[in-house]
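Numbering-wise (our numbering), the sequence shown opens with residue 1 and increments by one.
Every residue, glycine too, gets a C-beta built ideally from N, C-alpha and C.
Reviewing the structure listed below.
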Amino acid sequence: MTPADLSRTVLHAVRRAVDEDALRAPVPARVRVERTRPGGSGDYACAVALQLAGPAALPALEVARILRERVAAEPGVGRVEITGPGFLSFTLDAPAESDRAVLAAVREQGLAYGHGDALRDGIHQFHHAREVRAAVTAQAVRRLLVAQGARIRVSCAEPSDPDWARLGVTVDAHGTPPTPLAEIRPVPAGATAGELLERLGPDAARWGLLRAAGHDRAALGPELLVQGEVNPLFRVRYAHARARALTRGATALGFTAEAAPYGESPAAQAANAATAAYDPAARPLLDLIADHPGVLLAGARHRAPDRVARQLEAVAHAFFDFHDSCPPLPAGDEKPSAAHRARLAIAEAAGTVLAGGLSLLGIRAPEHL
1 MTPADLSRTV
11 LHAVRRAVDE
21 DALRAPVPAR
31 VRVERTRPGG
41 SGDYACAVAL
51 QLAGPAALPA
61 LEVARILRER
71 VAAEPGVGRV
81 EITGPGFLSF
91 TLDAPAESDR
101 AVLAAVREQG
111 LAYGHGDALR
121 DGIHQFHHAR
131 EVRAAVTAQA
141 VRRLLVAQGA
151 RIRVSCAEPS
161 DPDWARLGVT
171 VDAHGTPPTP
181 LAEIRPVPAG
191 ATAGELLERL
201 GPDAARWGLL
211 RAAGHDRAAL
221 GPELLVQGEV
231 NPLFRVRYAH
241 ARARALTRGA
251 TALGFTAEAA
261 PYGESPAAQA
271 ANAATAAYDP
281 AARPLLDLIA
291 DHPGVLLAGA
301 RHRAPDRVAR
311 QLEAVAHAFF
321 DFHDSCPPLP
331 AGDEKPSAAH
341 RARLAIAEAA
351 GTVLAGGLSL
361 LGIRAPEHL
């Protein structure tokens, strides 16, 4: 983790604390971290708690405690201490260790990577009009909240459109209950579910309805069906299919992301894996994979499935950059090495993140495309 990475990590922790209402203060544009001075503790230090204490109307030590628990949970951060009047001191993990932990978590949790119980105490009641974009958005918000442990009930002002079921929409109740409800009110789609299904099919229709922020008009034109890079949905699904194809190709060549190939020495395995995994082209993809749980939680908190869609686009873009710069499969007479196994592990994790995110949006992730 570089100082810039750490600065972004601390800034992300501040945003989380503000979003969770644990801290009431303006989020600074940037957070400055510096090398710890001689005699200090840790690798880096930061005075952000002192900076936020006044606006938050809290002692700096209390602000530091709020931020400490959030920064300490981030990959790459080994230990966070509070020193002096409220300085945060950071001791970093070796990059290899934190990245391996992220990849191991993706492998272990599969499509549930990024799910959690942060909202387990929440009970949400949402209400929407008899309009297809509102219905699909409410369904996606339901999925995101349930993935974070929340309970949710959705009602519609009028009986459902029968075509909604083909878009994966379910409604718990009809009519307007007396209980005060949170309304889901995106800009209307300007078309019915039946019309969208006929023109686009369920997957492209859902992506088009969810990709734009709720206050923006949804793009629902024929570009959603283009089989090329200009179509973000195609790019996301193709990245997933390519990641799965890499796994099949590796199996055909007799190696996986875990098994040591051809009796290679441990020292050579470690050197090759480090070279592959920490190539500059791998860093953006690894960072996006590590950020995925936070994006899912933010999407749930803010009822914003569009955040998940944009995250998937970023992962797909970084995946192809990584794939082209660091091929996970050997070429020609080249033998599989620890470098290929490391690259394959990253590619497989990206594929899992893409499949899991698409699933939360109610969109299929084909193995072949």
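As assigned by DSSP and simplified to three states, the class of residue i
i	result
residue 141	helix
residue 8	helix
residue 187	coil
residue 31	coil
residue 19	helix
residue 44	strand
residue 220	coil
residue 363	coil
residue 322	helix
residue 179	coil
residue 78	strand
residue 247	helix
residue 154	strand
residue 255	coil
residue 127	strand
residue 239	helix
residue 212	coil
residue 292	helix
residue 227	coil
residue 330	coil
residue 368	coil
residue 59	coil
residue 340	helix
residue 121	coil
residue 14	helix
residue 305	helix
residue 134	helix
residue 73	coil
Proximity of residue i and residue j at Cβ, strictly below 9 Å
i	j	result
residue 185	residue 124	no
residue 208	residue 196	yes
residue 132	residue 142	no
residue 26	residue 55	yes
residue 67	residue 6	no
residue 176	residue 77	no
residue 246	residue 336	no
residue 316	residue 239	yes
residue 92	residue 136	no
residue 243	residue 347	yes
residue 305	residue 361	yes
residue 312	residue 357	yes
residue 30	residue 70	no
residue 163	residue 194	yes
residue 211	residue 188	no
residue 206	residue 366	no
residue 117	residue 149	yes
Per-residue burial, residue i [other beta carbons within 10 Å of its own, 16 or more giving buried]
i	result
residue 412	A query on residue 412 cannot be resolved here, the shown segment of the chain reaching from 1 to 369 and no further.
residue 217	exposed
residue 147	buried
residue 161	buried
residue 228	exposed
residue 182	exposed
residue 221	exposed
residue 190	exposed
residue 331	exposed
residue 42	buried
residue 115	buried
residue 169	buried
residue 268	The pLDDT assigned to residue 268 is 47, lower than 50, so where the model puts this residue is not dependable; a value taken from the coordinates is nonetheless given after this. Exposed, because fewer than 16 other Cβ atoms sit within 10 Å of the Cβ of residue 268.
residue 266	Low local confidence applies: a pLDDT of 49 at residue 266 is under 50, so the model's placement there is unreliable, with the coordinate-based value given in what follows. It is exposed - the Cβ of residue 266 has fewer than 16 other Cβ atoms within 10 Å.
residue 48	buried
residue 73	exposed
residue 252	exposed
residue 368	exposed
residue 291	buried
residue 226	exposed
Strand pairing of residue i, partner residues [DSSP]
i	result
residue 148	For residue 148, which the question treats as bridged, DSSP gives no partner whatsoever.
residue 89	45 and 81
residue 234	Partner(s): none; residue 234 has no beta bridge.
residue 316	Paired residue(s): none; residue 316 is not in a bridge.
residue 173	155
Worksheet entry | Stretch-stretch touch, CB-based, cutoff 8 Å, three pairs: the stretch 243-260 with the stretch 332-348 | yes
Worksheet entry | Inter-stretch contact (C-beta, 8 Å, three-pair minimum) for the stretch 295-302 and the stretch 322-339 | no
Practice prompt. Spell out a yes or no on whether the stretch 98-114 and the stretch 351-365 are touching, meaning 3 or more CB-CB pairs, one atom from each, closer than 8 Å.
Written response: Here the stretch 98-114 makes contact with the stretch 351-365; the two share three or more CB pairs at distances below 8 Å.
Worksheet item: Does the stretch 86-95 come close enough to the stretch 47-63 to have 3 or more Cβ pairs within less than 8 Å?
Response: yes
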